[in-house]
Amino acid sequence: MTEEPVQTTDDDHVEDDTPNEKPADESTTGEQPTDEDILSAEETDLVAEIASHDESLAEAVEERFVAIESERQEQETEIDDLRTRLKRKQADFQNYKKRAKKRQEQLEKRATEDVVNRLIDVRDNLKRAVEEEHEDVESLRSGVELTLKELDRVFEDENVAEIDPEPGAEVDPQRHEVMLRVESDHPEDTIADVYQPGYEMADKVLQAAQVTVSDGSGDGSGE
């Protein structure tokens, strides 16, 4: 069978009259270039490195701040604890002072009561010596002397000593009270006589001895 030649029509030869589109020029699109378009690769890496460094620094600062804040809270807790302990110690010390003062008052009261009880015995003995009938004065005197000795024993037990300086002794302003200046054979300004003895307890003067002092008029040392 013989193939017939294919006939072409004018429509098959229609040329494409559509003009060729050129690529759009970026300068005419109106879009602005980005920072990454402007910066070089090295500059971009540098910015990234700085940003990373700043981020690390910020993290380190934040961690340090957290550590400092934690340390501050611990110190405040410790300070509060110390204040509480100090207040407790102060309260304990005040209670101790109160107990010590009360105990001292009790001891002083007991000591005073003991001395008074012993003095009562002395007084009773002295009263009996006076009220009893005596055949003579000598027996009365003997009873009084015994009572006086009993009183001296009480003083001795309480560490009470008599201040009774010898004539001619130097005057001690802490233990002697000068009453008068009198004529005396003793050196001037020395004790001429004891008007009333004094008393001291454990080196504390309870009552100064009342004395007279010599004016030196009868002293023959200057002749």
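Read in order, the letters of the sequence shown are residues 10 to 232 in my numbering.
Glycine residues also receive a C-beta, built at the ideal position from the N, C-alpha and C atoms.
On the criterion of 16 or more Cβ atoms from any shown chain inside 10 Å, does residue 223 qualify as buried, or is it exposed? Against the sequence shown, residue 223 aligns to sequence position 214. That one is buried.
Beta-carbon gap between residue 201 and residue 187 smaller than 8 Å: If you number the sequence shown from 1, residue 201 lands on position 192. If you number the sequence shown from 1, residue 187 lands on position 178. Against a cut-off of 8 Å, the Cβ pair of residue 187 and residue 201 comes out as no contact.
Secondary structure at residue 152, three-state DSSP: helix, strand or coil? In the sequence shown, counting from the first residue as 1, residue 152 sits at position 143. In the displayed model, residue 152 falls within a helix according to three-state DSSP.
Could you name the residues that DSSP lists as bridge partners for residue 213? Within the sequence shown, residue 213 is the residue found at index 204, counting from 1. In DSSP, residue 213 forms a bridge with 210.
Would you tell me roughly how many angstroms separate the C-alpha atoms of residue 119 and residue 171, rounded to the nearest one? Translated into the one-based positions of the sequence shown, residue 119 becomes position 110. Translated into the one-based positions of the sequence shown, residue 171 becomes position 162. Taking the straight line joining both Cα atoms gives about 24 Å.
Quick one, which of 63, 177 and 150 has its alpha-carbon nearest residue 1's? Absent from the structure is residue 1, since the part of the chain shown begins at 10 and ends at 232.
Could you tell me the distance, in whole angstroms, from the CA atom of residue 217 to the CA atom of residue 183? Numbered from 1 along the sequence shown, position 208 holds the residue referred to as residue 217. Numbered from 1 along the sequence shown, position 174 holds the residue referred to as residue 183. Their backbone Cα atoms lie some 7 Å apart in a straight line.
Tell me which residues share the same chain as residue 112 and place their Cβ nearer than 7 Å to its Cβ, disregarding the 5 neighbours each side in the sequence. Within the sequence shown, numbered from 1, the residue matching residue 112 stands at position 103. Hits under 7 Å: none found.
With a threshold of 16 other CB atoms inside 10 Å of the CB of residue 227, please say whether the residue is buried or exposed. Working through the sequence shown from its first residue, we reach residue 227 at position 218. Classification for residue 227: exposed.
By the three-class DSSP mapping on this structure, what secondary structure does residue 225 have? Locating residue 225 in the sequence shown gives position 216, counting from the first residue. Correct three-state label for residue 225: coil.
Using a Cβ-Cβ cut-off of 6 Å (strictly less than) and excluding sequence neighbours within five positions of residue 219, which residues of its own chain qualify? Numbered from 1 along the sequence shown, position 210 holds the residue referred to as residue 219. Closer than 6 Å at Cβ, skipping near neighbours: 186, 188, 204 and 205.
What separation, rounded to the nearest whole angstrom, lies between the Cα atoms of residue 157 and residue 107? Reading the sequence shown from its first residue, position 148 is the one you call residue 157. Reading the sequence shown from its first residue, position 98 is the one you call residue 107. Rounded to the nearest angstrom, the two C-alpha atoms are 40 Å apart.
How long is the line joining the alpha carbons of residue 96 and residue 90, rounded to whole angstroms? One-based indexing of the sequence shown puts residue 96 at position 87. One-based indexing of the sequence shown puts residue 90 at position 81. Computed Cα separation, rounded: 10 Å.
Excluding the 5 residues preceding and the 5 following residue 77 in the sequence, name in chain order all residues of the same chain whose CB lies nearer than 8 Å to its CB. Within the sequence shown, the letter at position 68 stands for residue 77. Excluding positions up to five away in sequence, the list is empty.
Candidates 198, 167, 165 and 168: closest to residue 181 by CA position: Counting from one through the sequence shown, the residue named residue 181 turns up at place 172. When each option's Cα is compared against that of residue 181, the closest is 198.
Just list the residues that DSSP pairs residue 189 with in beta bridges. In the sequence shown, residue 189 corresponds to position 180, counting from 1. The partner list for residue 189 (beta bridge, DSSP) reads 221.
Taking all protein chains shown into account, do 16 or more other C-beta atoms lie within 10 angstroms of the C-beta of residue 212, making it buried, or fewer, making it exposed? Your numbering for residue 212 matches position 203 in the sequence shown. The residue is exposed, with fewer than 16 neighbouring Cβ atoms inside 10 Å.
What distance in whole Å lies between the Cβ atoms of residue 169 and residue 208, which are believed to be in contact at a cut-off of 8 Å? One-based indexing of the sequence shown puts residue 208 at position 199. One-based indexing of the sequence shown puts residue 169 at position 160. Sure, about 6 Å apart at Cβ, within 8 Å.
For residue 101, name the three-state secondary structure that DSSP assigns. For the purposes of this step, residue 101 is identified with residue 92 of the sequence shown, where counting begins at 1. Here residue 101 sits in helix by DSSP.
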